[in-house]
Every structure is written in C-alpha cells, then in structure tokens.
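Protein chains in written order, with the numbering used here: chain A, 1 to 213; chain B, 1001 to 1676.
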Amino acid sequence: MTMTATASQAHADPHHIGLVVEHPGPASKRIVTAYGFWIFLLSDIVMFSCFFAAYAVLSGQTADGPKGSEIFEQRNVAIETVCLLLSSFTCGMASIAADMRNRFWFYLGMTVTCVLGLIFLAIEFREFADLVARGYGPSRSAFLTAFFSLVGCHGLHVSAGVLWLLTMMAQVFAKGFRADVLRRMMCFALFWHALDIVWVGVFSVVYLLGSGA
Amino acid sequence: MPAALTVEATMLGKLDWSAIPFDQPIPLIAGAVVLVAILAVLIWVVVKGHLPYLWHEWITSVDHKRIGVMYILLASVMLLRGGSDAIMMRIQQAIAYQSQGYLPPEHYNQIFSAHGTIMIFFVAMPFVIGLMNLIVPLQLGVRDVAFPTLNSVGFWLTATGALLVNLSLVIGEFARTGWLAFPPLSGLSYSPGVGVDYYAWSLQISGVGTLVAGINLVTTVLKLRTKGMNYLRMPMFCWTTLASNLLIVAAFPILTATLAMLLLDRYLGFHFFTNEAGGNVMMFMNLIWAWGHPEVYILVLPAFGIFSEVVSTFSGKALFGYRSMVLATMAICVVSFMVWLHHFFTMGAGPNVNAIFGIASMIIAIPTGVKIYNWLFTMYGGRIRFATPMLWSIGFMVTFIIGGLTGVLLAVPPADFMLHNSMFLVAHFHNVIIGGVLFGAFAGYEYWFPKAFGFRLDERWGKAGFWFTFLGFFITFIPLYVAGMLGMTRRMQHYDVAAWRPWMIVAAVGMAVLTIGVICQIVQLVVSIRNRETLRDRTGDPWDGRSLEWATSSPPPVFNFAFNPDVRGEDAYWDMKVQAQQQSLERDGPEYRDIEMPRNSPTGFVCAFFATIMGFALIWHIWWMVILGGLGAWATFVVFAWRDHDEYVIPAEEVAAIDRVNLEERRSLVSMAGTA
Chain A
1 MTMTATASQA
11 HADPHHIGLV
21 VEHPGPASKR
31 IVTAYGFWIF
41 LLSDIVMFSC
51 FFAAYAVLSG
61 QTADGPKGSE
71 IFEQRNVAIE
81 TVCLLLSSFT
91 CGMASIAADM
101 RNRFWFYLGM
111 TVTCVLGLIF
121 LAIEFREFAD
131 LVARGYGPSR
141 SAFLTAFFSL
151 VGCHGLHVSA
161 GVLWLLTMMA
171 QVFAKGFRAD
181 VLRRMMCFAL
191 FWHALDIVWV
201 GVFSVVYLLG
211 SGA
Chain B
1001 MPAALTVEAT
1011 MLGKLDWSAI
1021 PFDQPIPLIA
1031 GAVVLVAILA
1041 VLIWVVVKGH
1051 LPYLWHEWIT
1061 SVDHKRIGVM
1071 YILLASVMLL
1081 RGGSDAIMMR
1091 IQQAIAYQSQ
1101 GYLPPEHYNQ
1111 IFSAHGTIMI
1121 FFVAMPFVIG
1131 LMNLIVPLQL
1141 GVRDVAFPTL
1151 NSVGFWLTAT
1161 GALLVNLSLV
1171 IGEFARTGWL
1181 AFPPLSGLSY
1191 SPGVGVDYYA
1201 WSLQISGVGT
1211 LVAGINLVTT
1221 VLKLRTKGMN
1231 YLRMPMFCWT
1241 TLASNLLIVA
1251 AFPILTATLA
1261 MLLLDRYLGF
1271 HFFTNEAGGN
1281 VMMFMNLIWA
1291 WGHPEVYILV
1301 LPAFGIFSEV
1311 VSTFSGKALF
1321 GYRSMVLATM
1331 AICVVSFMVW
1341 LHHFFTMGAG
1351 PNVNAIFGIA
1361 SMIIAIPTGV
1371 KIYNWLFTMY
1381 GGRIRFATPM
1391 LWSIGFMVTF
1401 IIGGLTGVLL
1411 AVPPADFMLH
1421 NSMFLVAHFH
1431 NVIIGGVLFG
1441 AFAGYEYWFP
1451 KAFGFRLDER
1461 WGKAGFWFTF
1471 LGFFITFIPL
1481 YVAGMLGMTR
1491 RMQHYDVAAW
1501 RPWMIVAAVG
1511 MAVLTIGVIC
1521 QIVQLVVSIR
1531 NRETLRDRTG
1541 DPWDGRSLEW
1551 ATSSPPPVFN
1561 FAFNPDVRGE
1571 DAYWDMKVQA
1581 QQQSLERDGP
1591 EYRDIEMPRN
1601 SPTGFVCAFF
1611 ATIMGFALIW
1621 HIWWMVILGG
1631 LGAWATFVVF
1641 AWRDHDEYVI
1651 PAEEVAAIDR
1661 VNLEERRSLV
1671 SMAGTA
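Structure (structure tokens):
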C-alpha cells in the first residue's frame, strides 16, 4: 500500500533519517516458534544460573567432607565433554539433513547424537553412584548438595533431551518432514546446543576450578 | 518396618484419615460448603445439558479471549477465598487482645500464609495475565497469541496450583510459614507436615503455567503485530505487557530454582538452606527476593498500562508523554532487578551494600513519578468522563502515591531497621498492591467487560463498589500504619499492648466497609447480566476508545478482525474514526478471504489433570502415582504432537456475514456522531 506523506509518517521515522520503516505485519510461524523457544531457553539459562550461584556460594562448605579436588576425575569429565560437544556436531548434521529432507542422514545423525547423549548420561550416572557408594552423597555437605544439584539438573535436561530426540525420530518416521515437525526439530536442535553451552559452564566452574582448589 | 505398614505406605504414602481436620470446625465447614457448591454447579451444568457447550467452547478453547476470561474468573473466585482469610485475620486481631481470640495459633498461621500466597499467585497474577490475554492481541490487531494451545496449558496449570492450595483446606494442612516460606522454619525439622509441600508444589506447577504465559505474550508482542504497528505505535498496555512478561521470563525461573532447592532439602536431605552441613539460609532470602521484587513489578506494570488506556480514553486525549511513558516502563523493568536486598536490610550486609540498594530503591520511584505526572497531564485540559473505570484510576493515583511515599520511607535503611516486619510494612505493601494492582484490575475489568461480553456493567452499582472499596481500604490500612509506628509486628495471633487495640478495631470496621464494596461489585455483575439487553453494546466501541480492540465488534468474532488492520500512527482506532468521519466509511464490498484458525484442543486440560495427580502424589509421597502422572503428561504432549490437522478454515462467506453486521452497526454510529 502506498503511503502519502502525512504527519503519521513521522512516527515511522523516529530518528528523522529520511527512511520510513513500516512494520510489515505478523512474522511467519517458523520465526515465531523459534523466537518463542529462544525466550524459553533464556529463561532456562536463568534457572541454571541460580544453581550456578548456589554452587558458588556453597562450594567451600564441605563440612569436613571431601573437597572437589578429591572427588573429581578429570579423565571421565574429558570423555563426557567430548561426547557432548561431538553430539552437538551430529545434531547439527541431523538438522541439515532435515532441512534437505534426507531421511538417511537425519536418522544417522540423530542416532549418533542419541548414543553420545546416552554415553554422557551413563558416565555421569556412574560418577554419581560411585560418590554415593563412598558416602559422599548430596546429604554429606552443602558443597556436595550444590554439586549434585547443578550437575544433576544438567543431566536431567540431557535425559529429557534424549526422550525428545527419540520422539522426534518417531515423528519423522510417522509423519515425514512436515512443516510443524521441522519447526519442532529446529527447537530440539536449539535445546541440544543450549545444553552444550551450559555444560561448558559446568565444566569450567565445577570441574576445572574445582580440580585446582 | 512391619510388612503391612510398608504396603500401605507404598499405596498411600503419608496419606491417612488423620489428614482430614475433624477436630477443626472452621476449615471443615468451609470445605464442605465449597464442596457442596461445586457439586451443585456441576449437577446444574450436567442436568441443564451445558456440559458439551462448556467443554467445546471453554475448557478446550485455545481462543485467547476465552482463556483470558477464564483467567479472570479464576482470579475472582480466588479473590473471595483470599478475602475471607483477610476478614478472619482482621476479626482475630480485633478481639485477640490479652486473649487467644477465636483462631488457634496453628490455624491463624495457616490463614496468613494462605492469604498471601493466594492473593499474589492466584488473584493478582491470573487477573493481570487474564486481562493481557484478552486484550493484547486485539490491541495489536492480530488473530491470536503466538502459541494458542500452550496458552491453554498455561491457564490450566495455574488452575491446578489454585486447586491444590484449596485442597489443603480439607486434606492435610497449609504452610504456617508466611507466603514466602523462609527456611529454616520451612525446612523439614521445623515444618514436618505437608503444609510447605502443598505450598511449594502448587507454586511449582502454577509457576510453569506463568512462565508459559510469559513466553507466549513476549513473543506475541515482539513478533505478531499487524501491518504498520511499529513499536512506538503500540498502545501503552502492550508496552507494559511486554515489560511485565519480560520480567516473568527472567524472574520466574529463579522462583522455580529456589523452590526446587527447598524441596530437595525437604525430600532428599539436601543442605541448601539447612543450619547443618554448611547450608546457607540467607541464600534463600537472596534468591527468593531476586524473584520477589521483580514480581511486584510484574503485577503493577500491566496495571499502569490499564490506567494509561483508561485515563487517555476518558479524558478524550492522547496519552501525554507517550515516549517518556515507554521509557519509564522499560526503566522500571530494568531497575526492578537491582533492589531486591531492600527486603532484608536487617540481614547485616553492611552499610555500603544497604546504601546502594536503598538508593536504587529510591531511584525506581523516579520513573513511577514520571508516570503519575503523565497521567495528570493527560487529564489536564481534557473533557473528563467520570465513568467507573476512571474512578478506579483516579482512586489509584491518590492511593498509590501514599503507598509509594511510605515505600520510599522504607527504602531508607535506618528507618527500615525500625519498621522491618512491622504492621507499617503490611500497610505499605497493601497500599501499593491493592491501590495499584487491584484497583488496576478492577479498572480493566470495568473498562473491557463490554468488549468481552457485549454489554456494559451497571454504572450505579459499579460506582457504589468503588466508593465502598476506596473508603474501606483507607479505614482498614491507615490504622495499620499507626499500629506499626507503635511497634506492632506483623503476623501476631494475639497481643497484650492496650495502645494497639483501638487501631485493630478500626481496621476491622474498615474490613467490613471493604466487604460491602466487594458485595456491590458482585451485585453489579448480577444486575448487569439481568439487564444485559438494555446495556447491550452494539457498536463495539462503548467508551469512544482509541486503540484497535474497539475497532471490532463486542464480543469480537473468533478471528478478531476480518482484515488485519493497517496502522498509520498512535491511537490507531481514533485515527480511523477521524478519517472515516471525513470520508464516510470506505470499503464497500471488500473482498473477504478464508481465515485459518487454530483448532481447539483438550491438551491443556488433560495435561493439568495429570499435573494435579502428580502434584498431589508428590505432596503425599505416593510415588507410583507420581510416575503415573508424569507419564500421562508426557503422553498428552505426544498425542498432541501427533495430530494431523491443527487448524480449521472459516470460509470467506461466513467471515463476510459476520463482518457485515459489525460494519452496519459501526456506520450507523459514525453517521449518528456526524449529525450530532
């Protein structure tokens, strides 16, 4: 629609730069969905930051129990980190495959992502079980409380991610690359990458800093 | 442990007959009355054959207007519950001078905890979220919110939280810890019962609902605006909605995390907030208020938006200082995250920290003051109509300024040391929350009711309701300021100081006046429904409004607008009206198109059903039921994800038929205005 020069035009040009930017109208579904999911991820990161803050406050409160450097095993953490970072790559492959409508590469990418996620979870579970068996469970000290909660919260997110991943594979199997399935796939990929970012924080704040102390 | 007991513990967890308070007549009778009332309504609905209508048109509806109305209905019912608690407390304090009164301490403690929890989470929150849901898509000129089904999920999860809180009345007990459940009192050693669990789980579940609503509305405002609706053309209510929901998205995860930590302490023996093993109680204070202070602004910012709309409409002028209003809103949004420590100056963080937070708290009064002056200047020189929404707005300005000033007083750390946890504080926050949020909610209710239902509310009863509430408020809460100055602390079940007694009696009288105000508003609703034919709004624009919600019929069709409006400036609808009066209404025989709308879905209701089961089971440690509820909720989402048709089409002829009626009414309005 053409617009004649009116007083109202001034409002579309707030900085008087001679460029009238008219809002084009509602965004497409794909943009709206991704945008909303980004906002959710930001809120999720706020939640994680509370657990990070609690860990920072409580990490010195060992109540005569073990310190971080006495219980962290760097080899395991290294394997976990590699698994998770690699899974982000394969998840990216699966996303591209979905956009290309290529079922084979999609299933392959998702399967490898799932396996890497499960390996990560298995190692984390073994670490937790081992600590509890040695009497260093979350009830032992405030430090261990904060440690188990922060790392466990991330682990729960990965578990939920694996469940979502399997549901996505089933959806593509049953419904194909439908527009709504692709939107969900995009959200899943965002979620999975966000978990990686959080893990980088966990790895640095908990394991790297903790091993030195 | 004996084998028989283990089986029972597996099946029912901590639940047994002792959970029903047979020895306490008040909750038992109240619970029975509510139960009978709910049953009666249910039977009436089923017998009259309204159930299919209710199910298809409301419970499974994903229409933002319907969901908004249901939010407000939930808030109104909960307002009566929270109000009853308030009446009981005022009576107790009026008579409990050198005596026990009529409420035993453990019951009184539950009442003030439930009162605060219900009023904030299940009255104020759903009321403002309901109004935002109802109006914001209309003001933006779009057909629905960004995520309609998720919107329904959010509402039903909020309802689940409210249900669980009220369930605690008859099964078990509610928290006795105050509305924020500070540890170590809320820890397992000092609160071994299920009260705190009821509190925490209902807030966790409704908190998810609130977060969903927040994400939804932020995305709606930022990504779904009609053509030409640039940011600086949005009505003020959309701006405050944006600010409020940004705060929800940034603050509610903090509440979720904090309550999760408290629950881990209680359920699994963690040491976040315990006295033993290095736990840190003050960490709870910091975390909960890092959510709690933004929460205050989550509630009051939408109310500011409502007042902006109302004052501008009823003064017949564009809002004064629109851009400064936007700036003030966003300034409040940011600064609200930097003042949380003023809730516990007495913690002992030291003079420098206290000074910084005290100054920050005073700074936040500046943008608020800007807003007040903008409203005053909007009224200045305007042709003011004193309709009920306008009365609430003016009442708000008077009341809120007093509350704001006592707030600035409390922001001075040395003064706060004297007044911390006193009745002065109680008076202050009721002054801002009732005077700000509740008056705003009522203004919005009176203002937008015709839009939602197609007929106006009765003005005489509305005005009576305003005056009784307004006067009742001051008679109730000014004495509490005085009592606070006289050294009375909050949450006292009984007291021995003679000087406090008269003030408590005056406050109780004020409560009675307030109650008359509430009754007036109930009568207003009944009278208005009865006289709805004479109060009918045929034009869609009963108040001579300025923004786009008045550009469609009342109530709006399910698709809101036959054509997404093309916006050319601020006060979009006002401009259209001015244009139309000059050129007569254009668009004779416009070309209607098919409209796609989201299909209704029971996902929200079913999901909330499983959430209720899960919440109840978690509270009573019935683990098999927890798993059942969790699986059910997940299965619901998978079933939802599996459906093939999520939209339906309204054919162009139907759109045309609906829209032509609206256009006819509107033409007659414009021609009448032209001749007048």
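For every residue, glycine included, the Cβ atom is placed at its ideal position computed from N, Cα and C.
Take B:Ile1332 as the anchor and find which of B:Leu1301, B:Ile1394, B:Phe1155 and B:Phe1470 has the nearest alpha-carbon.
B:Leu1301
Could you give the distance in angstroms between the alpha-carbon of B:Gly1465 and the alpha-carbon of B:Thr1552?
29 Å
Which first and last residues belong to the beta strand (DSSP E) in which B:Pro1598 is found?
Ile1595 to Pro1598
Is the distance from the Cβ of B:Tyr1592 to the Cβ of B:Ala1635 below 7 Å?
no
Once DSSP output is grouped into helix, strand and coil, what is the label at B:Thr1220?
Here B:Thr1220 sits in helix by DSSP.
In chain order, which alpha helix (DSSP H) runs of at least 4 residues are fully inside the stretch 1625–1651 of chain B?
Whole alpha helix (DSSP H) segments, 4+ residues: zero.
Which bits of chain B does A:Ile17 rub up against, with CB to CB less than 8 Å?
The contacting residues do not exist; A:Ile17 stays about 14 Å from chain B at best.
If you measure from the beta carbon of B:Pro1253 to each beta carbon in chain A, is any gap under 7 Å?
yes
For A:Ser139, go through chain B and note every residue whose CB falls closer than 8 Å to its CB, in chain order.
Leu1268, Gly1269, Phe1270, His1271 and Ala1277
In angstroms, rounded to a whole number, what distance separates the CA positions of B:Phe1477 and B:Arg1460?
26 Å
With 7 Å as the threshold, decide whether the Cβ of A:Met100 is near any Cβ in chain B.
no
I need the straight-line Cα distance from A:Leu150 to B:Arg1599, nearest angstrom please.
The straight-line gap from Cα to Cα measures roughly 40 Å.
Helix, strand or coil: which one does DSSP assign to B:Arg1536?
In the displayed model, B:Arg1536 falls within a strand according to three-state DSSP.
Looking only at its chain, what residues have a beta carbon closer than 7 Å to the beta carbon of B:Ile1020, apart from the 5 residues adjacent to it on each side?
Excluding residues within five positions, the ones whose Cβ falls inside 7 Å are Val1170 and Ile1171.
Hey, how far is the Cα of B:Glu952 from the Cα of B:Tyr1373?
Nothing about residue 952 of chain B can be read from this structure; chain B reaches only from 1001 to 1676.
For A:Gly176, count neighbouring Cβ atoms within 10 angstroms of its own Cβ and tell me buried if that reaches 16, exposed if not.
exposed
For the stretch 147–170 of chain A, which residues have a CB atom closer than 7 Å to at least one CB atom of chain B, in sequence order?
Ser149 and Thr167
Within the 7 Å Cβ cut-off, does A:Tyr35 reach chain B?
yes
Compute the Euclidean distance between the alpha carbons of A:Ala142 and A:Cys91, then round it to the nearest angstrom.
36 Å
By DSSP, does B:Ser1422 sit in helix, in strand, or in coil?
Shown here, B:Ser1422 sits in a strand according to DSSP, grouped into three states.
Along chain B, in chain order, which residues have C-beta atoms closer than 7 Å to that of A:Ser211?
At a beta-carbon threshold of 7 Å, none of the residues of chain B lie near A:Ser211; the nearest stands roughly 20 Å away.
Applying the criterion that 16 or more other CB atoms from any shown protein chain within 10 Å of the CB defines a buried residue, is B:Thr1368 buried or exposed?
buried
For a test of the three-state rule: what should DSSP assign to B:Pro1313, helix, strand or coil?
Just to set this straight, residue 1313 of chain B is Thr in the shown sequence, not Pro. Three-state DSSP puts B:Thr1313 in a helix.
Could you give the distance in angstroms between the alpha-carbon of B:Gln1521 and the alpha-carbon of B:Trp1642?
45 Å
Using the three-state DSSP reduction, which class does B:Phe1455 fall into: helix, strand or coil?
strand
Take the Cβ of A:Ile197 as the centre, count every other Cβ of all protein chains shown within 10 Å, and call the residue buried at 16 or more, exposed below.
exposed
Assign B:Thr1469 to one of three DSSP states: helix, strand, or coil.
helix
Grab the span of the alpha helix (DSSP H) containing B:Asn1230 for me, first residue to last.
Segment: none, B:Asn1230 is in no alpha helix (DSSP H) and carries neither H nor E.
Exposed or buried, B:Ser1584, counting other C-beta atoms within 10 Å across all chains shown (16 or more means buried)?
In this prediction, B:Ser1584 scores a pLDDT of 47, lower than 50, which makes its location untrustworthy; the coordinate-derived value is nonetheless stated afterwards. That one is exposed.
Based on the DSSP output, what are the partners of A:Tyr136 in its beta bridges?
Answer by DSSP bridge pairing: none, since A:Tyr136 is not bridged.
If we cut at 7 Å on Cβ distances, does A:Pro26 have a partner in chain B?
yes
To the nearest angstrom, how far is the alpha carbon of B:Leu1618 from that of B:Lys1014?
10 Å
Could you give the distance in angstroms between the alpha-carbon of B:Ser1601 and the alpha-carbon of A:Gly25?
27 Å
Along chain B, which residues have their Cβ under 9 Å away from the Cβ of A:Val32?
Ala1146, Phe1147, Thr1219, Thr1220, Lys1223 and Leu1224
Which of the three DSSP states, helix, strand or coil, is assigned to A:Thr217?
A question about residue 217 of chain A goes unanswered here, because the residues of chain A that appear run from 1 up to 213.
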